[in-house]
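Residue numbers (the numbering used here): 4 to 258.
Each residue gets a CB set at the ideal place from its N, CA and C atoms; glycine is no exception.
Worksheet for the structure shown next.
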């Protein structure tokens, strides 16, 4: 049985975080495991609060789960504190877990800060050297690379800088504030663009679904580039065919 683990936040709407990841795993025929890093208070109109799980509870979840099950891939969403990053790093190394996908969630679509100030540096130092695929959007890539990104050339420079932290494959996802939803894949050789038309509207949880789909594909033994291509097709199809409006705000992709 192929399995994947998501380490992310609980979203009461089910549109992002743990619930979205588990739905994406299921849609790919992968059995989903989950560890909660945080509990959020949010709805389709935005995130109100983020409550980090205590280090003790977070570690207990990981230690008990991993003493019994070894996932074929691990995917991260919100990692709200540096303590949680360090604990996760310890268990990934202890159990030699493979196919780590990091979705560096720092600010919600509605503009809420999701992590403490020290988290990006902790992720860069601890987790990026273990990372198979790093999936920042433009603003997250700018934060982690330390540069302003305005052009395609800037994206390429940022991808090179990010890969210097030890990441095997960088996938900078487009869409937010751009004219097209172009993702850039960089595995150390050439820059590969994956472009689709930018869809009108605001969709909750697309980054979560994308990185979870990449994780599910890696768990099934699919190479990183093809995993990224398949994940983009999965999310694009979900936007086209599975968008629902259960509340008064953003659409949710009911995969």
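Could you spell out where the beta strand (DSSP E) holding residue i opens and where it closes?
| i | result |
| --- | --- |
| residue 198 | 194 to 200 |
| residue 77 | 77 to 79 |
Taking 8 Å as the limit between beta carbons, can you name the residues of its chain near residue i, skipping five residues before and five after?
| i | result |
| --- | --- |
| residue 90 | 58, 61, 62, 65 |
| residue 48 | 113, 250, 251, 252, 253 |
| residue 150 | 157, 160, 161, 164 |
| residue 126 | 82, 88, 105, 107, 147 |
| residue 20 | 11, 12, 13, 14, 43, 80, 81, 208, 211 |
So residue i and residue j are in contact, right, with Cβ under 8 Å, and what is the actual spacing, rounded?
| i | j | result |
| --- | --- | --- |
| residue 134 | residue 217 | Incorrect: roughly 11 Å between the Cβ atoms, too far for contact. |
| residue 208 | residue 35 | Contact doesn't hold; Cβ gap of about 15 Å is too wide. |
| residue 110 | residue 142 | 7 Å |
Quick check: the Cα distance between residue i and residue j, rounded to an integer number of angstroms?
| i | j | result |
| --- | --- | --- |
| residue 245 | residue 210 | 15 Å |
| residue 172 | residue 139 | 11 Å |
| residue 54 | residue 41 | 5 Å |
| residue 197 | residue 32 | 24 Å |
| residue 235 | residue 69 | 30 Å |
| residue 169 | residue 118 | 22 Å |
| residue 202 | residue 13 | 26 Å |
| residue 177 | residue 200 | 11 Å |
| residue 5 | residue 248 | 32 Å |
| residue 132 | residue 88 | 13 Å |
| residue 229 | residue 77 | 18 Å |
| residue 29 | residue 242 | 18 Å |
| residue 223 | residue 97 | 22 Å |
| residue 95 | residue 257 | 31 Å |
| residue 116 | residue 122 | 12 Å |
| residue 188 | residue 24 | 21 Å |
| residue 213 | residue 237 | 8 Å |
Locate the alpha helix (DSSP H) running through residue i, then write down its first and last residues.
| i | result |
| --- | --- |
| residue 218 | 209 to 222 |
| residue 250 | Unbroken run through residue 250: none, as it is neither H nor E. |
| residue 125 | 122 to 125 |
| residue 7 | First-last for residue 7: 6 to 13, but that is the beta strand (DSSP E), not the alpha helix (DSSP H). |
| residue 230 | 227 to 244 |
| residue 20 | 20 to 30 |
Who are the near neighbours of residue i in its chain, counting only those whose CB is closer than 6 Å to its CB and skipping five residues on each side?
| i | result |
| --- | --- |
| residue 52 | 44 |
| residue 233 | 220 |
| residue 84 | 55, 119 |
| residue 79 | 10, 105 |
| residue 205 | 253 |
If we cut at 8 Å on Cβ distances, does residue i have a partner in chain B?
| i | result |
| --- | --- |
| residue 16 | Going by chain labels, chain B is absent from the structure shown, which holds only one protein chain. |
Apart from the five residues on each side of it in sequence, which residues of its chain come closer than 7 Å, Cβ to Cβ, to residue i?
| i | result |
| --- | --- |
| residue 183 | 177, 198, 200, 201 |
In chain order, each alpha helix (DSSP H) run of at least 4 residues that lies wholly inside the region 39 to 103: 58 to 69, 85 to 97
3 or more residues per run - each beta strand (DSSP E) lying fully within the region 132 to 189: 134 to 137, 172 to 175, 183 to 189
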